[in-house]
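Asks:
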Amino acid sequence: MTGLGLFGSLSMATRSLSTARAGTEVAGNNLANVNTPGYARQRVSIVTSGSVPSAFGPQGTGSMAVGITSIRDTLVDGQMLSELSVRGSLESQQQGLQYIQSATGERLDRTGADTSGASNGIAKDLSDLFDSFQKISSPNTNDPAARQTLVASAQDLATHLNQIVQRFDAVRSGIGNSIGADVTAANDIIDQVAKLNSEIVKVEVGGNGRANDLRDARQQKLEDLAKFANFSVTETPQGASNIAIDGLAIITGAVVTNRLEAFDAGGGQVLVRALGTATTLNIQGGSIHGRIESRDVALAKTRGEIDLLASNLISEVNAIHATGFGLTGTTGNDFFLGTGAGDIKVNPALKNNLQLIQANGVAGDVGNNTVVLKLAQLGDKPIVALGGERLGGYYAQAIASMGQDLKTINTQIGNQDIVQNMLESQRDSVMGVSIDEEMTDLMKFQKAFSASAKMVTTIDEMLDTILNMKR
Amino acid sequence: MRVTSNSFPTRLLDQITRLTNRTNQYQTQAATGQRITLPEDDPASMRRVMDMQGEGRKLTQYADNIGRHQELAQASYSSMSATKKIVDRAGEIATLAGGVNSPEQLKILSGEVDQLLARAVQFANVKNRNDYLFAGTKSDTVPFVAVKDAQGRTTSVSYQGNVDLAESEIAEQVTLSAQTVGANTTGTGNRGLFVDSQAGADLFGHLIALRDNLQSGNVAQIQSVDRVDIQKDEENLLFHYGSNGAAQARLETSLAVSKQRLESLNMLVSKETDVDLATTIVKLTETQNAYKAALQSGSTILHQSLLDYIR
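Residue numbers (the numbering used here), protein chains in the order written: chain A, 2 to 472; chain B, 64 to 374.
1. When Cβ atoms are compared, which residues of the segment 192 to 221 of chain B fall closer than 9 Å to chain A?
2. Could you give the first and the last residue of the continuous alpha helix (DSSP H) run that contains Lys471 (chain A)?
3. Give the residues of chain A in contact with Asn69 (chain B), contact being defined as C-beta atoms less than 8 Å apart.
4. Which residues in chain B have a C-beta closer than 7 Å to the C-beta of Leu109 (chain A)? List them in chain order.
5. Would you identify the three-state DSSP class for Arg192 (chain B), choosing helix, strand or coil?
6. Write down every uninterrupted run of the alpha helix (DSSP H) in the segment 265 to 307 of chain A whose length is 4 residues or greater and which is fully enclosed by it, in chain order.
7. Mapping DSSP to helix, strand and coil, what is Val226 (chain B)?
8. Please tell me whether Asn369 (chain A) and Thr217 (chain B) are closer than 7 Å, where the distance is taken between their beta carbons.
9. Of the residues B:Val163, B:Gly174 and B:Leu256, which one's Cα is nearest the Cα of Thr146 (chain B)?
10. On the criterion of 16 or more Cβ atoms from any shown chain inside 10 Å, does Gly388 (chain A) qualify as buried, or is it exposed?
11. Between which two residues does the beta strand (DSSP E) harbouring Ala209 (chain B) extend?
12. Helix, strand or coil, according to DSSP, for Phe257 (chain B) in the structure here?
13. Do Ala138 (chain B) and Gln311 (chain B) have their C-beta atoms closer together than 7 Å?
14. For Arg108 (chain A), which of helix, strand or coil comes out of DSSP?
15. Using CA coordinates, which residue listed in A:Leu32, A:Ile251 and A:Lys382 is at the minimum distance from Leu223 (chain A)?
16. Note the first and the last residue of the continuous alpha helix (DSSP H) segment covering Asn143 (chain A).
17. Within 10 angstroms of the Cβ of Lys375 (chain A), are there 16 or more other Cβ atoms? Answer buried if so, exposed if not.
18. Quick one: does Met81 (chain A) have its CB under 7 Å from some CB of chain B?
19. Pull up the distance between the alpha-carbon of Gln167 (chain A) and that of Asp126 (chain A), whole angstroms please.
20. Could you have a look at Val288 (chain B) and say whether DSSP puts it in helix, strand or coil?
21. Can you check which of these residues, A:Ile190, A:Glu262, A:Val35 and A:Leu392, is closest to Gly181 (chain A) by C-alpha distance?
22. Ordered along the chain, which non-local residues of its own chain (more than five positions away) have a Cβ less than 6 Å from that of Phe267 (chain B)?
23. Hey, is the segment 137 to 152 of chain A in contact with the segment 209 to 224 of chain A, meaning 3+ C-beta pairs nearer than 8 Å?
24. Look at the alpha carbon of Ser52 (chain A) and the alpha carbon of Ala14 (chain A), and state the distance between them as a whole number of angstroms.
25. Per DSSP, which residues does Thr235 (chain A) bridge with? Please list them.
26. Which bits of chain B does Ile400 (chain A) rub up against, with CB to CB less than 9 Å?
27. Note down, in chain order, each residue of its chain lying with its Cβ closer than 7 Å to the Cβ of Asn283 (chain A), except the 5 sequence neighbours on either side.
28. What are the boundary residues of the beta strand (DSSP E) that includes Val372 (chain A)?
29. Is the beta carbon of Val258 (chain B) less than 7 Å from the beta carbon of Ala160 (chain B)?
30. Let me confirm a value: Phe232 (chain A) is counted as buried when at least 16 other C-beta atoms fall within 10 Å, else exposed. Which label applies?
31. Do you know whose CA, among B:Phe71, B:Gln90 and B:Thr342, lies nearest Ser362 (chain B)'s CA?
32. Taking any Cβ of chain B, which residues in the segment 402 to 429 of chain A have a Cβ under 9 Å from it, in chain order?
33. Taking only beta carbons into account, state which residues of the segment 315 to 331 of chain B come closer than 7 Å to chain A, listed in chain order.
34. Which residues does DSSP list as the beta-bridge partners of Gly68 (chain A)?
35. Is Val372 (chain A) close to chain B? Criterion is C-beta to C-beta, closer than 7 Å.
36. I'd like to know if Gln124 (chain B) contacts chain D, where contact means its C-beta is closer than 7 Å to some C-beta of that chain.
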C-alpha cells in the first residue's frame, strides 16, 4: 500500500468539509442562542480519523466530527438551584413583611404640620386617648366637649385597631392565595420537567448523543421550580432527573409520582402536601416557604402583639373605669367592650350618653377627677403582661421589632444578590456564549471549509491530469 | 474569568438597577430631609422617635393642663382680690365704728356691711367655665347659700361644697391643683378661702356679726371681737394669696420646663431622623455621575464587537 491514494484523499477532503460545516453550524447555533435563557454554549467534538498504513508508516486520514457537547458546570448548576430557593424564600418574606409594615401605617413625615413626624398610626391614637383623659381630668370632669373628644379619640383608636386586624387578615388570606398560585405553577413545572426527562432519556438511550438543548431546558425549568420550593435532584444513568421534596419523590424518571396540593390546615392556614396524602410537606426554601414563614412567624407575631396590646388596653382601662362614677351616679360600666384588637369598641352606652363616663372618684362629686386622673396616668404605667412596658412603648417596640425583621430580610436579600451575581458570573463564564468567540470560530471553520474545498479541486485537477495522460 | 456577550448587559443592568435604587433613596432623603421614613429604615431609631413623639404629645398636653390651671388660678385670684377689698372695707368700718357715737351713723355702716356681705357671697359663688370655683370637687353645686330672715337680711351662710381639690398632671406623675376650697371647718386638709376653722376665719359669720353689732350699736363688741375676727379673715386671705401666687409661679416654671423639653425633643427627633443635606446632595451627585458613567461606558461597550471589524 502507498497511503490514501487520490480517491482516499478526496474522501478525506469530503470529511474535512463535513467537519468544518458542522463547526460553522454549531457556532451558528450558539450565535442564535446568545440571548436564550439557560442556554449553554456548545462545541463540536473533532477527532482525527483513523490512520492507514503506508510505505512511510501510518498515514492520517484527516478529521471528523464525533459529537456536540454542551459546556456546563454541574456544581454551579446545583448551587444555583439552592441559592434560587433561598432567594425565593427571602423575597416572599420581604413581601409579607412589607405588607405588614404598610398595614400598621406607621411612617415618619416631618414635612407635615407635626414636625415630630407623627403619622396617624396607633401610637398617635394611644397618645390622643390618654390626652383626652387628661383633658377631662384637668380639672373639669363634666365638660361635655372634653367627654365628646374622649369618646371620639377612644373610638378612633378602637377603629384603627380593628382596621389593622382586618388588614392583617387580608394579608393572611392573600398569602394563602399566593401559596395556592405557587403550588399550581410548581405543579405545571413538575409536569414539564417529567416530560423533558422522558425526551432526554429517549434521545440519549437511543444512542443519538447528548440531548444538550433538552438538558438546558430542563435546567431552566428546575431553576424555575427552585424559586417555589427547595428540592433534591438525583440524575439517573439514563439521564432523567429525579426530584424529591422533603424526602418525598415528586418525579421519578418520566413519571410525576406526587403532585403538590395547597390545603387549609384550619383557620385559613394554607399549607402544602402531596396530593392525596395527609402529611404536610416541610418545605424549607422557595417562595412557598417564605410565604408560610411570613404568615406563621412575622404576621402571627405582630398580630399577637397588637392583640395583646388591645386586650391589655381594654382590661386596664376597664378596671379603673369600673371604679368610677358617672355624672348620673352610675358605676361599674366598662369603657371598652371586646377582647382584642379585632373586636375592641367603645361601650355604646357611653357614646350615647356621655354622662355615663365614670370619671369621678366619688358619686355626685363632678369635680372629683381621681378616677380619670388614674386613667390619664395609665399611659405611663408599666404593665407586667406587656413585659413591663407602657402601652405606647410596647406598641413602639412591636413596630421596631417588625421593622428589624424586615431590615434583616432586606440585608439578607442584599447579600443574596451578591452571592447570586457571583454564581451567575461564574456560570456565564463557563457556559455563556461569546459573540466574539463564535465569530472567530465561524471564521476558523469557514477557512477550514475553503481549504478543504480547495483540496477537493486540487485532487480533481490531479485526477484530470492522470486521465489526460492517456491521449 | 471568561467574559461573554451577556456578561456586559447583565452586569450593566445590575449596576444601573443598584444605582437607580440609590439615586431614589438619596433623592427621597433630599426631598423630605429625612433619613428614616419607615420602620425598616432604622428600627432602633424608629422606636426612639416613636417614644419621643409620645413624650412630645404628653408635654403638649401638660402645657394645656398648665394653661387650664393658670386660668383657674387667675380666676381665683380675681375673686380673692375682690374679697380682699371687702375685708379691707369691713376692717375699716370696724375701726371707724370706735369713733362713731351716733346710732344712726352706725346703722348706715351696718347697711354698708350688709352690702359687703352680699358681694362677698356673690364672689364666693363665682363660676369659671360653668364650674363653681370654690365648691371643692362639688363644682356643680352652689358653694355658699345665704339664709335670710323675714326682712331679707342674711342671717347665716352655709357651705354646700366639700374640702377636696381636683389635681391633674402638669408633668409625669406630678399633680397640682390651682383651685381653692371655699370653706373648711374640719380643722384638717385644704384650708378654706372664706371659712377656715384652723385660721379662725369665717368671713360671712364675721360680717354678719359686725353688721348686727353695728345695727345694735354694740361698739365694744366690735372693738374687742369683730375687728380681731376680721383681722383673722384678712390673714386667711393673705395665706391664700400666697398659695395662689406660689401655685402660679410653679405653673409658670412647669410651663417653661415643658416648652424647653419640647424644644429639646424636637432637636432629638431631628437628630434621629434628619439627614445631613450637604452629605446627601454630594452622595446624590456622586450616584448620578456613576449612573451616567455606567450608561455611557455601557453603551460604548455594547456597540462594539468583532462584527464591526470583519468583512
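Quick reminder that beta carbons are idealized off the backbone N, C-alpha and C, glycines included. Note that the structure is predicted; figures quoted are calculated from it, not measured.
Replies: Let me lay it out:
1. Arg192, Asn193, Asp194, Tyr195, Ala198, Gly199, Thr200, Lys201, Ser202, Asp203 and Thr204
2. Premise fails: Lys471 (chain A) is in no alpha helix (DSSP H) and is neither H nor E.
3. Val35, Asn36, Asp429, Gly433 and Val434
4. Gln97, Ile99, Thr100, Val112 and Thr336
5. coil
6. 287 to 294
7. coil
8. no
9. B:Leu256
10. exposed
11. Phe207 to Lys211
12. strand
13. no
14. coil
15. A:Ile251
16. It is not in any alpha helix (DSSP H) - Asn143 (chain A) carries neither H nor E in the DSSP assignment.
17. buried
18. no
19. 17 Å
20. helix
21. A:Glu262
22. Val220
23. no
24. 14 Å
25. A:Asn243
26. Pro102, Pro106, Met109, Arg110 and Met113
27. Asp247
28. Here Val372 (chain A) belongs to no beta strand (DSSP E); instead the alpha helix (DSSP H) covers Thr371 to Gln378.
29. no
30. buried
31. B:Phe71
32. Ser402, Met403, Gly404, Gln405, Asp406, Leu407, Lys408, Ile410, Asn411, Asp418, Asn422, Glu425, Ser426, Gln427 and Asp429
33. Asn329
34. A:Ser46
35. no
36. Of the chains in the structure shown, none is chain D; the protein chains are A and B.
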